[in-house]
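> Following this note's numbering, the numbering of the sequence shown begins with 209 at its first residue and continues without gaps.
Here a beta-carbon is modelled for each residue, glycine too, at the ideal position from N, C-alpha and C.
Owing to the predicted nature of the structure, the values given are computational and were not obtained by experimental measurement.
Before we start, here is the structure in question, set down as structure tokens.
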Amino acid sequence: MSEKTGTFVVTHAEDESAVVRDVDTAQVHTLASNPGLEIHDVLEATVAPEPPLDVAWEVIDVEDRRSIDLVDSDLEPTQREKELAADSEVGDLVQEERAGTGEIHVFHVPEGEVEPAAQDVLTDEETIARAARLEAVRVEVRRSADDGVLSVRYLPD
């Protein structure tokens, strides 16, 4: 095995070790030590297998490090987000780029399923990986049970 450069999200962190996941390939790398990483940290880094067994990995260079703030907002989706959901079928996902960077994902959710859907998004490790790919540092989840709308906002700040 050889070194690998990419964007990684920290999925597990303990004092002695950590686990990082490549956001593009979903390949998981167990680190032999933890260089101060916390869950939801995002690294633009190079990792390499640690000799002699090449089973565990080590971080050999970090170009950038940031954390992603996951926010369970008490705000309702915007009027635009509600309109996007109203124009879609139940169960559909509508993606819209934000001005500048980031994206907004809007789901038209079946009645009574908005809160469980919001919790699924908040606990799904892929939410953080997607934020890393979109260069977001904040993910804001909004919902309206009355309208059956769930919005996930991937924000640059």
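Cα-Cα, which of 358, 341 and 361 is closest to residue 249?
The option with the nearest alpha carbon to residue 249 is 341.
> Taking the runs of the beta strand (DSSP E) that are 3 residues or longer, which of them lie wholly in the stretch 236-316?
Counting whole runs of 3 or more residues, the stretch 236-316 contains the beta strand (DSSP E) stretches 236-239, 249-257, 265-275, 277-280, 301-305 and 311-316.
> Looking at the structure shown, is residue 233 part of a helix, part of a strand, or coil, going by DSSP?
Here residue 233 sits in coil by DSSP.
> Give me whichever residues DSSP pairs with residue 214 in a beta bridge.
Partner(s): 253.
> What does the Cβ neighbour count give for residue 283, buried or exposed, with the cut at 16 atoms within 10 Å?
Label assigned to residue 283: exposed.
> For residue 316, tell me which candidate among 219, 279 and 293 has the shortest Cα-Cα distance.
Comparing Cα-Cα distances from residue 316 to each of 219, 279 and 293, the minimum goes to 293.
> Just the C-alpha distance for residue 228 and residue 217, rounded to the nearest angstrom, thanks.
Their backbone Cα atoms lie some 5 Å apart in a straight line.
> Looking at residue 267 and residue 255, is the spacing between their C-beta atoms short of 8 Å?
It is a contact, given that the beta carbons lie within the stated cut-off.
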